[in-house]
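Trainee: For the protein sequence lines, the chains are A and B, in the order given. In this text, residue positions in the first sequence follow the working numbering: the first is 28, and each later residue adds one. In this text, residue positions in the second sequence follow the working numbering: the first is 358, and each later residue adds one. Note that beta-carbon positions come from the ideal geometry of N, C-alpha and C, so glycine has one too. What follows is a single structure, and I will ask about it in a moment.
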Amino acid sequence: MSSLLHPSLPLLLGVAAMPLAGAGARRVLTLLATTIALAMVLLLPRDASIALRLLDMDLEPLRADALGRVMAVAFTLFSVMASLFGWGRTSRGAQAASLALAAAGVGVVLAGDLLSMMLAWELLAVSSMFLVWTAGPHAHGAGYRYIIFHLIGGLFLLAGVVSHLQYAGSLAIVPMDPSAPGAWLVLIGVAINAAVPPLHAWLPDAYPRATPVGTVFLSAFTTKSAVCILLRLFAGYDVLVWAGAAMALYGVIFAVLENDIRRLLSYHIVSQVGYMVCGVGMGTALSLNGTTSHAFCHIFYKGLLLMSAAAVIHATGRGKLTELGHIAKPLRLTLAFMLIGAFSISGVPLLNGFVSKSMVVTAAAEAHLPAIEFMLVCASVGTFLSIALKMAWYAFFGLAEQPPCRVQQHVPATMVAGMALASAMCIVTGLFPDLLYRYLPYRADYHPYTANHVLTALQLLAATTLVFCFFHRSLAGRATITLDVDRLYRRPLALALDLGGALVVGISSSAERAVAWLIAAARDGWLATHETTRRLPLAQKIALVALFFAGLWLLCRMA
Amino acid sequence: MMRGIVSVLLALLALLALGEYVWGTNDHAVFPWHRWPGFHVAMGIGASLIAIFIIKPLGKRLLQRPEGEDE
Numbered sequence: 028m029s030s031l032l033h034p035s036l037p038l039l040l041g042v043a044a045m046p047l048a049g050a051g052a053r054r055v056l057t058l059l060a061t062t063i064a065l066a067m068v069l070l071l072p073r074d075a076s077i078a079l080r081l082l083d084m085d086l087e088p089l090r091a092d093a094l095g096r097v098m099a100v101a102f103t104l105f106s107v108m109a110s111l112f113g114w115g116r117t118s119r120g121a122q123a124a125s126l127a128l129a130a131a132g133v134g135v136v137l138a139g140d141l142l143s144m145m146l147a148w149e150l151l152a153v154s155s156m157f158l159v160w161t162a163g164p165h166a167h168g169a170g171y172r173y174i175i176f177h178l179i180g181g182l183f184l185l186a187g188v189v190s191h192l193q194y195a196g197s198l199a200i201v202p203m204d205p206s207a208p209g210a211w212l213v214l215i216g217v218a219i220n221a222a223v224p225p226l227h228a229w230l231p232d233a234y235p236r237a238t239p240v241g242t243v244f245l246s247a248f249t250t251k252s253a254v255c256i257l258l259r260l261f262a263g264y265d266v267l268v269w270a271g272a273a274m275a276l277y278g279v280i281f282a283v284l285e286n287d288i289r290r291l292l293s294y295h296i297v298s299q300v301g302y303m304v305c306g307v308g309m310g311t312a313l314s315l316n317g318t319t320s321h322a323f324c325h326i327f328y329k330g331l332l333l334m335s336a337a338a339v340i341h342a343t344g345r346g347k348l349t350e351l352g353h354i355a356k357p358l359r360l361t362l363a364f365m366l367i368g369a370f371s372i373s374g375v376p377l378l379n380g381f382v383s384k385s386m387v388v389t390a391a392a393e394a395h396l397p398a399i400e401f402m403l404v405c406a407s408v409g410t411f412l413s414i415a416l417k418m419a420w421y422a423f424f425g426l427a428e429q430p431p432c433r434v435q436q437h438v439p440a441t442m443v444a445g446m447a448l449a450s451a452m453c454i455v456t457g458l459f460p461d462l463l464y465r466y467l468p469y470r471a472d473y474h475p476y477t478a479n480h481v482l483t484a485l486q487l488l489a490a491t492t493l494v495f496c497f498f499h500r501s502l503a504g505r506a507t508i509t510l511d512v513d514r515l516y517r518r519p520l521a522l523a524l525d526l527g528g529a530l531v532v533g534i535s536s537s538a539e540r541a542v543a544w545l546i547a548a549a550r551d552g553w554l555a556t557h558e559t560t561r562r563l564p565l566a567q568k569i570a571l572v573a574l575f576f577a578g579l580w581l582l583c584r585m586a
Numbered sequence: 358m359m360r361g362i363v364s365v366l367l368a369l370l371a372l373l374a375l376g377e378y379v380w381g382t383n384d385h386a387v388f389p390w391h392r393w394p395g396f397h398v399a400m401g402i403g404a405s406l407i408a409i410f411i412i413k414p415l416g417k418r419l420l421q422r423p424e425g426e427d428e
């Protein structure tokens with residue numbers, strides 16, 4: 028038996044202790060649990076493992092290989108920052124859900140077998156749903172759609188894992204043979220979590236409806252843990268190259284149109300994960316390292332962007348470009364943090380996005396994929412245009428004729444501290460990429476700071492800025508909503524949920540009455556109630572019969 | 358102010374293209390266009406114009422609806 032402890036443990040203990048803690052204790056508990064988890068991940072010995080045998084299956088809930096360690100460090104370090112950012116601004120339920128989410132994310136990336144991975148995977152979905160729900164009744168629909176999407180994904184995954192177990196005879200996480208039964212089922216299940224279009228609509232639907240701090244937590248785990256599983260199982264699958272490049276463009280197209288800043292940033296999660304999916308599909312050492320480093324860096328710059336968006340919403344009570352503007356002066360520090368995040372995601376040299384994104388784009392060129400390289404570069408231009416220029420400009424400056432947005436309250440020091448830490452990560456990783464590169468899982472030689480890389484990146488960014496200067500009015504936000512594929516299933520799903528709910532309520536109330544009738548019959552004697560049998564409504568009779576058969580089935584199962 | 362920014366950007370772009378011509382000839386260039394000075398300037402301008410003049414109007418017509426039609 029191993030003496031190692033899983034780094035998810037302090038996070039799960041934090042969840043368990045949450046109902047007992049007062050408001051002040053909960054804040055400390057959240058920060059403490061995430062910090063301990065970070066320390067445990069940093070202290071994990073290389074290739075440490077926890078193996079156990081359960082129900083005749085060899086399980087490995089912890090396998091600290093290079094990829095798992097890099098991702099677990101990113102998850103836990105970001106959790107510390109997000110906990111600090113959300114200090115005092117999250118409910119008990121949201122704090123518990125955030126810790127559970129972090130535990131599940133760490134569980135997925137460190138899992139060495141498919142069953143442990145699946146358990147953490149489902150916890151990821153359920154805790155995300157609760158985190159969305161804690162925002163209030165307006166988020167309930169999005170939470171339902173989220174969990175239904177992920178349950179369907181979980182079913183694909185389960186079917187695939189069972190087929191794989193029958194085929195390979197093992198649950199170990201190893202690269203899947205495309206011809207193996209179940210491989211494509213697992214791929215669909217993972218693609219849902221990675222938000223590959225058209226299976227992506229849960230993301231821009233649910234994330235902006237969570238609380239602002241909840242969105243910060245949500246942004247880190249689900250898609251990146253899916254990318255980690257793609258790296259482990261599906262490296263070199265050609266279909267992922269095109270799916271990833273299409274994702275990168277798809278997210279950008281919707282971000283260019285979007286007016287809500289958190290929805291805009293959610294579409295950029297789809298776009299940036301596209302780079303990672305594309306890198307997985309290329310399957311070269313450089314592209315796989317690029318995917319790993321981009322996932323690592325994305326957690327911090329996207330977190331920083333969503334933190335600054337949350338700070339804007341906290342200060343002004345508004346989150347749409349058409350309702351913001353003229354707040355650069357009172358929120359200058361938030362603007363600075365948002366620009367660091369925006370420049371990072373756009374691949375500006377000296378920041379972390381440059382050292383990771385350029386690796387994936389270079390890998391596409393070196394793999395002789397000119398169309399893919401072209402699509403990724405175009406997506407990069409769209410990213411800079413829609414975040415660093417459009418969003419930052421219209422949120423903080425706005426048009427001259429736009430009425431000024433009133434800042435109602437200051438951004439608290441803990442929020443500033445969270446953003447400062449995330450900014451520091453973006454800058455430090457950008458300035459000293461070897462701090463990250465030395466821990467990457469594959470052997471590939473790459474130097475981001477060559478004259479050519481820097482000059483071409485600066486050319487793209489300066490040319491985009493030039494066009495924005497001439498035509499920025501055309502990019503101004505409009506008070507509109509953007510239709511995505513979720514429009515196709517929202518109404519049928521709402522109808523199905525309403526019908527299902529009515530059916531459940533009907534059956535349960537009928538069953539309740541039937542049980543009450545049975546009790547009355549037992550108490551007063553059969554004859555006393557016999558007359559009423561004729562008056563028993565049909566639904567209650569059906570419920571009675573159903574209850575009888577359910578009891579019979581239970582007895583048979585027990586026997 | 359905008360005129361000043363545009364002038365600075367134009368000068369910067371010229372310098373970057375020149376810099377690429379002098380120092381940036383890529384030993385690792387895979388495709389011929391990697392060696393063309395100013396290629397990425399053209400790409401930046403082209404992609405931005407597509408976003409502004411094709412994606413934005415098309416999206417407005419096909420994908421966007423007034424607020425309030427949500428849910």
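1) Which residues bound the alpha helix (DSSP H) around Q299(A)?
2) Output yes if chain A places a C-beta closer than 8 Å to the C-beta of W393(B); else output no.
3) Could you check the C-alpha separation between P34(A) and V189(A) for me, to the nearest Å?
4) Smallest Cα separation from V153(A): which of F183(A), L71(A), T249(A), V136(A)?
5) Ignoring anything shorter than 3 residues, give me the beta strand (DSSP E) runs that lie fully in the region 33-62 of chain A, in order along the chain.
6) Which residues in chain B sit within 7 Å of T492(A), going by Cβ to Cβ distance?
7) Given a cut-off of 8 Å on the beta-carbon distance, is the pair L230(A) and I296(A) in contact?
8) Hey, is the region 312-327 of chain A in contact with the region 228-242 of chain A, meaning 3+ C-beta pairs nearer than 8 Å?
9) Entirely within the region 109-144 of chain A and at least 4 residues each: give me those alpha helix (DSSP H) ranges in chain order.
10) Would H325(A) pass as an interface residue toward chain B - the criterion being a Cβ-Cβ separation below 8 Å?
11) Please state whether DSSP places M362(A) in a helix, a strand or coil.
12) Can you list, in chain order, the stretches of the beta strand (DSSP E) that have 3 or more residues and sit fully within the region 342-397 of chain A?
13) To the nearest angstrom, report how far apart T410(A) and G425(A) are at their CA atoms.
14) Using the three-state DSSP reduction, which class does Q436(A) fall into: helix, strand or coil?
15) Quick one: what's got a C-beta closer than 7 Å to L522(A)'s C-beta in the same chain, skipping five residues either side?
16) Give a yes or no on whether the C-beta atoms belonging to Y173(A) and A247(A) are separated by under 8 Å.
17) Have a look at L36(A), V107(A), L69(A) and flag the residue whose alpha-carbon is nearest the alpha-carbon of I326(A).
18) Considering Cα atoms alone, identify which of L94(A), I63(A), M442(A), H353(A) is closest to D74(A).
19) Which value, in whole angstroms, describes the spacing of the CA atoms of P224(A) and A270(A)?
20) What's the C-alpha gap between G181(A) and A131(A)?
21) Among A64(A), R500(A), I63(A), L142(A), whose alpha-carbon lies nearest the alpha-carbon of L82(A)?
22) At the 8 Å Cβ level, is P397(A) part of the contact set with chain B, yes or no?
23) Which first and last residues belong to the beta strand (DSSP E) in which M84(A) is found?
24) Hey, out of Q435(A), A124(A), S252(A), whose CA is closest to H341(A)'s CA?
25) Determine whether the beta carbon atoms of G504(A) and Y421(A) lie at a separation below 8 Å.
26) Which residue from G310(A), V455(A), L582(A), P88(A) puts its Cα closest to that of Y469(A)?
27) Rounded to the nearest angstrom, what separates G416(B) and Y277(A) at their Cα positions?
28) With the cut-off set at 8 Å, would you say T361(A) and V438(A) are in Cβ contact?
29) Span of the beta strand (DSSP E) holding Q421(B)?
30) Assuming T509(A) and L284(A) are in contact, meaning their beta carbons sit under 8 Å apart, how far apart are those beta carbons, in whole angstroms?
31) Can you find the residues in the same chain that come closer than 8 Å, C-beta to C-beta, to A484(A), ignoring five residues on each side of it along the sequence?
32) Let's see if you can read the secondary structure: which residues bound the beta strand (DSSP E) around A78(A)?
33) For F102(A) and E428(A), what's the separation of their Cα atoms in angstroms?
34) Measure the C-alpha to C-alpha separation of R96(A) and F370(A) and round it to an integer number of angstroms.
35) Terminal residues of the continuous alpha helix (DSSP H) containing I256(A)?
36) Near L370(B), which residues of its chain fall below 6 Å by C-beta distance, leaving aside the five closest residues on each side in sequence?
Mentor: Here's the rundown:
1) 288-309
2) False, the Cβ-Cβ gap to chain A never drops below 8 Å.
3) C-alpha separation (whole angstroms): 27 Å.
4) T249(A)
5) You should have found no qualifying run.
6) L366
7) yes
8) no
9) 119-137
10) no
11) The sequence as given places Leu at residue 362(A); Met does not occur at that position. Residue state, collapsed to three classes: helix.
12) The region 342-397 of chain A contains no whole beta strand (DSSP E) run of 3 or more residues.
13) 19 Å
14) coil
15) none
16) Taking the C-beta atoms as reference points, A247(A) is found no nearer than 8 Å to Y173(A).
17) For the residues L36(A), V107(A), L69(A), the minimum Cα distance to I326(A) belongs to V107(A).
18) Ranked by how close their Cα comes to the Cα of D74(A), the residues L94(A), I63(A), M442(A), H353(A) have L94(A) in first place.
19) 8 Å
20) 14 Å
21) L142(A)
22) yes
23) First-last of the beta strand (DSSP E) with M84(A): 84-90.
24) Q435(A)
25) The answer is yes: Cβ separation under 8 Å.
26) G310(A)
27) 12 Å
28) With contacts defined as CB atoms closer than 8 Å, T361(A) and V438(A) qualify as a contacting pair.
29) 421-423
30) That pair is a contact at about 5 Å.
31) G374, V375, P376, F381, S385
32) 76-81
33) Each residue's Cα considered, the two are about 43 Å apart.
34) Distance between the alpha carbons of R96(A) and F370(A): 27 Å.
35) 239-260
36) Here the set comprises V398.
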